[in-house]
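Encoded as structure tokens, the structure appears first; notes follow it.
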Amino acid sequence: MVERKLYDWCFACGKENPIGLHLKFKKNDEELVTEFVPQKEHQSYDGRMHGGLISTLLDEAMGQFLYMHTGKPAYTAKLEVRFKQPVLIGEKITVRTKVIKQKGRLVEMSAEMTKAEGMIVATAEAKLMYEGA
């Protein structure tokens, strides 16, 4: 197993990364949840969160679910994101993710990003591969 210290500089969840997103996660057996409020430095067009960062949050949540469940890193092999609504700067969003199915080291997952009132702003499906042979 890889030591946890190696992940302290993760852009999405690392505690030591001064420019990171510093995401915190809550997980149960079936899903993982994280919340985020984008700031000015997270925007693309004025007042709107950058789509690449939306993708990053969805991707990170899926990988973190697997890491928190098993203690093993898993890497994204394929990621498909669907953007449905803009995320405004200062607007709290919630990401929820869960496993669809697993075959060996390959895991198919889904993630959903919503605004506070429950409106879906983006969804993702991904295939992740656990590290190792």
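Residue numbering for the sequence shown follows the working numbering, starting at 34 and increasing by one per position. We put the CB at the ideal spot given by N, CA and C, even for glycine.
Distance cut-off 8 Å: residue i Cβ against heavy atoms of the ligand MG
| i | result |
| --- | --- |
| W42 | Absence of the ligand MG is noted for the structure shown, with no ligands found whatsoever. |
Residue range of the beta strand (DSSP E) that includes residue i
| i | result |
| --- | --- |
| S143 | 139 to 148 |
| I153 | 153 to 163 |
| F116 | 107 to 116 |
| L65 | 65 to 69 |
Whole-number beta carbon distance between residue j and residue i, since they are thought to touch under 8 Å
| i | j | result |
| --- | --- | --- |
| L65 | Y108 | Actually they are not in contact, since the Cβ atoms of L65 and Y108 sit about 17 Å apart, beyond 8 Å. |
| E63 | K131 | 6 Å |
| M146 | I87 | 7 Å |
Close Cβ partners of residue i (< 6 Å) along its chain, the five nearest in sequence each way excluded
| i | result |
| --- | --- |
| W42 | E49, N50 |
| F98 | L65, T130 |
Own chain residues within Cβ distance below 7 Å of residue i, not counting five before or after
| i | result |
| --- | --- |
| R37 | At R37, the pLDDT of 44 sits below 50, so the modelled position is not reliable; the number obtained from the coordinates is stated separately. There are no such residues. |
| T89 | A45 |
| V35 | Residue confidence is low: V35 scores 39 on pLDDT, short of 50, so the model does not pin down where it sits. Its coordinate-derived value is still stated next. Counting only Cβ-Cβ distances below 7 Å, and skipping sequence neighbours, we find P106. |
Segment limits, alpha helix (DSSP H) that includes residue i
| i | result |
| --- | --- |
| Q135 | Careful: Q135 lies outside any alpha helix (DSSP H), inside the beta strand (DSSP E) at 126 to 136. |
| Y100 | 84 to 103 |
Identity of the residue in the options nearest residue i by Cα
| i | options | result |
| --- | --- | --- |
| R138 | V154, Y100, I153 | Y100 |
> Okay, do the stretch 67 to 84 and the stretch 111 to 123 touch, 3+ Cβ pairs below 8 Å being the bar?
Replying inline: yes
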